[in-house]
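Protein chains in written order, with this note's numbering: chain Y, 1 to 366; chain X, 1 to 378. The next block holds one structure in the form of structure tokens; read it before the comments.
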Amino acid sequence: MSLSVIQLRRAPVRTALLVVVVAALVFLVEYLATLSATLQAFSTGALAHLPASLIVYSGAAEGSLDASRLPPRLALRAARVRGVAAVAELGVADFTVAGPGGRYELALVGLGSGGPGWPPLVSGRLPGPGGVLVDATEGAAGLGQGRRVAPEPGGIVLRVTGVASGVRYDGLVTAWAAFGTWARAVRAASPGGAAVPNALAVRARPGVPLAALARRLAAALPGTRVLTRAAAVADVPGASVIAVTFDLLITVAFLAAVLVVSSVFLLVTVQRLRVWVLLRALGASAGRLGLAILAQAALVVVAGSVVASAALVLAAGASGATFPLRAAPGLVATTVLSVLIGACVSCLLPVRRIGRIDPAAAVVQP
Amino acid sequence: MKGAGFAASWPVRELWRRRGRFAGVTVTLTVLCTLAVILVSLGSGLWAGATGALRSSPADLVVFSRDSLSLFPRSRIALAAIPQIGRVRGVAAVGALGTLTTTVALRGATASVAVIGAIPGRPGAPAAVVSGRLPRRGEDSAAVDVALRAEGVRLGSRIRQAAGGPPLRVVGFVADQRFELLPTVWTTLTAWQALSAAARPETRTAAPAAQVLTIRLTPSADAATVARAVDAQLAATTLTRSQAILAIPGAAAMRSTINELIAAVLLVAAGVTALFAALYTAERRSELARLRALGSSAARLAAGLLAQAEAPVIIGTAAAYGITAALIAAAPPQFPVALPLTRALGLAGLIMAAGAAGTGLSLLRVLRIDPAITVEDL
Chain Y
1 MSLSVIQLRR APVRTALLVV VVAALVFLVE YLATLSATLQ AFSTGALAHL PASLIVYSGA
61 AEGSLDASRL PPRLALRAAR VRGVAAVAEL GVADFTVAGP GGRYELALVG LGSGGPGWPP
121 LVSGRLPGPG GVLVDATEGA AGLGQGRRVA PEPGGIVLRV TGVASGVRYD GLVTAWAAFG
181 TWARAVRAAS PGGAAVPNAL AVRARPGVPL AALARRLAAA LPGTRVLTRA AAVADVPGAS
241 VIAVTFDLLI TVAFLAAVLV VSSVFLLVTV QRLRVWVLLR ALGASAGRLG LAILAQAALV
301 VVAGSVVASA ALVLAAGASG ATFPLRAAPG LVATTVLSVL IGACVSCLLP VRRIGRIDPA
361 AAVVQP
Chain X
1 MKGAGFAASW PVRELWRRRG RFAGVTVTLT VLCTLAVILV SLGSGLWAGA TGALRSSPAD
61 LVVFSRDSLS LFPRSRIALA AIPQIGRVRG VAAVGALGTL TTTVALRGAT ASVAVIGAIP
121 GRPGAPAAVV SGRLPRRGED SAAVDVALRA EGVRLGSRIR QAAGGPPLRV VGFVADQRFE
181 LLPTVWTTLT AWQALSAAAR PETRTAAPAA QVLTIRLTPS ADAATVARAV DAQLAATTLT
241 RSQAILAIPG AAAMRSTINE LIAAVLLVAA GVTALFAALY TAERRSELAR LRALGSSAAR
301 LAAGLLAQAE APVIIGTAAA YGITAALIAA APPQFPVALP LTRALGLAGL IMAAGAAGTG
361 LSLLRVLRID PAITVEDL
């Protein structure tokens, strides 16, 4: 270890530059991964946390809750299908809300009573008439428990009665209300329009195969498309494109980080070849020298990761109230560990170079 | 002449002699450049997909309802306001637009599209078509995005909204007019109202309405003055077209985030070049000093060093464009990526500049080599 530290300290500018470059790349990977995870959670959270087995959309909606509209009273027909334990109407509409940081867009989700149930509560109680349940991330947007919210247009006022976790929809600040409250808000916003449900949330009876129930529901409700909750989450428009795009960017940034460490240490190893030959001639084992290289790489990656993670925490702290980023410790740890492993593996090339050194060369060519 | 020949060939010989080492540097820079080029392609594609329809609109001002946060789907303005706004000083013509993201049935398949209704002959609709014509008043027809040709749509084809409403006969094709990342179907405002009522029953209104009004100004009119006058008359929010583009959900935030990421990648590229140049200079210091002592000018050696630093950058950039072009070609047509030549060249220039900036410190070290000291050391 002391050899590694001494060598890094002997070239402070180079070490600092390498740490900065690695920090920037690790920050890129961490930031992209955080952004991707947040976008995914905010886009699909509402469906992912709905305790339903199946979601029924209109056939024309192509799996989009926004685009789906179902005829009124379809829930009654769905409830009569064999294997269905409970059905609830599900509606979604966007409103404008004034918050402490200015006006923002609010997705109001309406959920019928007697259905599969509400997303698990973190605090407070489930909403009754005029009440809403909000996401735990929305306190900064003025939607803390007990606060009042006035969706515009329409002039109705709702009160936050409870908080749940991870229940955002479409990336927007989201409030969940009873279906009746939701329909009242929609009718108030557009007096000439009809407040019809977007979808149905269905809970299957225990032991009923979901595929078979989906087929029975589709047959009983012509013009609809029935998806399991997992399929509905995967079908959220844009979710898969976001995932693929971010995965590509994260992979390339990760590769760049690993390659930078590998290339630099390969060049440094070649540059110090005489030193390595001399150390080998003086009795240092190839394994020990190889470990010194790996330790240097690890030190650089750890130092860069500390800087990068601190920068991520700062960036998350500076993110907006309506789209709050969170530096998840698990994600940061996974990223740092991956880069560390990648860098150490890629440094096997310079280590191999040291392994091939013949100590006799020091005597032949002093 | 000999000196000039050496100056030109020395960096090339060095690159060749140490090709293994330069290959490692080149691969690293290629990956970094690929990241930058992918980000640029994504940024351009997302921007064009989100804003294309509005960017090519001939309207100077866009009028949103006040509580809409300047979002098309949330805005509603009664068409009865058109004559009133037409009388405002500085207004040359008033049109209206309505948008609807929906699914249409096409020859045995379905496609997600953005239907945009406009009043024929008024500001709002595209200024030009690539073939055919724009819909005329009273027709249930549409000019559609050229991307739908891949789905078998031709002039004369009929497209039907899966949720119902009147079928639209295709009378023309438009290009670069995407909205909400979807190909657009431009139709009349009347047809849009019927399609919206079928797909979004909650948006039905007693009086005919559009989502926004579009205004073309007289040549001498001041946009801000007209916007204030319109806002006062309608209790609305009037934006210039460029402001309306920036108000498209996520468009500005997406663009600035991607630009920040590109800037970060360029900084990293500069840092990596600096590292490699520093390592190279440190390794070759005595050789460079001997060359100075033997008569090579500092400028010539610096130029050689710059050439050796820029060669991997140039190769990396070219390879990155190749890789990205291949990825774009393999991506599905609806994937929002584009690589316009101007942005591609701009980024290439920035990458070169980052590479040159990274070499700066090492160049200074080369320029400071004193030949006299070198001779003493020999």
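Where a beta carbon is used, it is the ideal one built from N, C-alpha and C, also for glycine.
Reference residue i, options the options, closest by Cα
i, options, result
"L266 of chain Y", "X:R21, X:A236 and X:A162", "X:R21"
"S285 of chain Y", "Y:G355, Y:A243 and Y:T224", "Y:G355"
"A348 of chain X", "X:G24, X:I38, X:V27 and X:V12", "X:I38"
"G355 of chain X", "X:A320, X:P332 and X:I314", "X:I314"
"R225 of chain Y", "Y:R69, Y:A46 and Y:V261", "Y:R69"
"Q233 of chain X", "X:F72, X:A80, X:A53 and X:E14", "X:A80"
"T137 of chain Y", "Y:A41, Y:V252 and Y:V268", "Y:A41"
"R103 of chain Y", "Y:A360, Y:S338, Y:T334 and Y:G320", "Y:G320"
"G24 of chain X", "X:A109, X:R292 and X:F276", "X:F276"
"R55 of chain X", "X:L15, X:P83 and X:P123", "X:P123"
Assigned exposure category for residue i - 16 Cβ within 10 Å defines buried
i, result
"Q211 of chain X", "buried"
"P350 of chain Y", "buried"
"L221 of chain Y", "buried"
"I6 of chain Y", "exposed"
"R203 of chain Y", "buried"
"P116 of chain Y", "buried"
"I341 of chain Y", "exposed"
"D367 of chain Y", "No information on residue 367 of chain Y is available, as it lies outside the stretch 1 to 366 that chain Y covers here."
"A244 of chain X", "buried"
"P366 of chain Y", "With a pLDDT of only 49 at P366 of chain Y, under the threshold of 50, the placement of this residue in the model should not be trusted; the figure read from the coordinates follows. Flag for P366 of chain Y reads exposed."
"T118 of chain Y", "The sequence given here places Trp at residue 118 of chain Y; Thr does not occur at that position. Its Cβ being crowded by 16 or more others within 10 Å, W118 of chain Y is buried."
"L294 of chain X", "exposed"
"P12 of chain Y", "exposed"
"R288 of chain Y", "exposed"
Distance between beta carbons of residue j and residue i, contact taken as under 8 Å
i, j, result
"R241 of chain X", "A93 of chain X", "Contact flag wrong, Cβ pair sits at about 14 Å."
"A37 of chain Y", "A328 of chain Y", "7 Å"
"A48 of chain X", "L17 of chain Y", "In fact, because the Cβ distance is near 37 Å, the residues do not count as touching under 8 Å."
"D170 of chain Y", "D66 of chain Y", "7 Å"
"P129 of chain Y", "G180 of chain Y", "6 Å"
"V332 of chain Y", "E30 of chain Y", "6 Å"
"L189 of chain X", "I119 of chain X", "5 Å"
C-alpha distance - residue i paired with residue j, whole-angstrom precision
i, j, result
"G304 of chain X", "W10 of chain X", "7 Å"
"L195 of chain X", "V40 of chain X", "36 Å"
"G121 of chain X", "G132 of chain X", "16 Å"
"L266 of chain X", "A24 of chain Y", "11 Å"
"N259 of chain X", "V244 of chain Y", "20 Å"
"R178 of chain X", "P126 of chain X", "11 Å"
"Q271 of chain Y", "T317 of chain X", "27 Å"
"A270 of chain X", "L301 of chain X", "21 Å"
"T44 of chain Y", "A177 of chain Y", "18 Å"
"G165 of chain X", "A357 of chain X", "60 Å"
"A316 of chain Y", "L325 of chain Y", "5 Å"
"A330 of chain X", "P249 of chain X", "28 Å"
"P340 of chain X", "V171 of chain X", "29 Å"
"W369 of chain Y", "S346 of chain Y", "Any property of residue 369 of chain Y remains undetermined from this structure, which presents chain Y solely from 1 to 366."
"L184 of chain X", "D145 of chain X", "The identity of residue 184 of chain X in the sequence shown is Thr, whereas the question assumes Leu. Those two C-alpha atoms are separated by around 5 Å."
"I159 of chain X", "D94 of chain Y", "28 Å"
"L213 of chain X", "P219 of chain X", "19 Å"
"L158 of chain Y", "V92 of chain Y", "16 Å"
"I323 of chain X", "T34 of chain X", "7 Å"
"M1 of chain X", "R14 of chain Y", "Residue placement at M1 of chain X cannot be trusted, given a pLDDT of 44 that sits under 50; the coordinates are not used to answer."
"V87 of chain Y", "L54 of chain Y", "10 Å"
"A344 of chain X", "V31 of chain X", "16 Å"
"V129 of chain X", "V113 of chain X", "18 Å"
"S277 of chain Y", "L279 of chain X", "Residue identity check: residue 277 of chain Y is Val in the sequence provided, not Ser. The alpha-carbon atoms of V277 of chain Y and L279 of chain X are separated by roughly 20 Å."
"F173 of chain X", "L155 of chain X", "8 Å"
Residues of the region 257-279 of chain Y in Cβ contact with chain X at a cutoff of 8 Å, in chain order, please. Answer set for the region 257-279 of chain Y: L259, V260, S262, S263, V264, L266, L267, V268, V270 and Q271.
Pull out every residue of the region 17-50 of chain X whose Cβ sits closer than 8 Å to any Cβ of chain Y, in chain order. For the region 17-50 of chain X, the residues whose beta carbon sits under 8 Å from a beta carbon of chain Y are, in order, R21, G24, V25, V27, T28, V31, L32, T34, L35, I38, L39 and L42.
Within 8 Å of chain Y by C-beta, residues of the region 195-224 of chain X in sequence order: Cβ contacts with chain Y come from A199, R200, P201, E202, T203, R204, T205 and A206.
If you measure beta-carbon to beta-carbon, which residues of the region 262-274 of chain X are closer than 8 Å to chain Y? For the region 262-274 of chain X, which is checked against every Cβ of chain Y, the residues closer than 8 Å are A264, V265, L267, V268, G271, V272 and A274.
So if I threshold CB-CB distances at 9 Å, which residues from the region 9-26 of chain Y count as touching chain X? Flagged, chain order: A11, V13, R14, L17, L18, V20, V21, A24 and L25.
For the region 222-243 of chain Y, which residues have a beta carbon sitting closer than 9 Å to at least one beta carbon of chain X? Of all residues in the region 222-243 of chain Y, only P237, G238 and V241 come within less than 9 Å of chain X when Cβ atoms are compared, listed by chain position.
When you check each C-beta in the region 334-347 of chain X against every C-beta of chain Y, which residues fall closer than 8 Å? Correct list: F335 and P336.
According to a CB-to-CB cut-off of less than 7 Å, which residues of the region 174-196 of chain X neighbour chain Y? Residues are counted here when their Cβ sits less than 7 Å from a Cβ of chain Y; for the region 174-196 of chain X the count is zero.
Where the region 101-131 of chain X meets chain Y: residues whose CB sits under 8 Å from a CB there: Taking a C-beta cut-off of 8 Å against chain Y, the contacting residues of the region 101-131 of chain X are T101, T102, T103, T110 and S112, listed in chain order.
What are the residues of the region 79-92 of chain X that lie near chain Y, defined by any Cβ-Cβ distance shorter than 7 Å? Cβ contacts with chain Y: none found.
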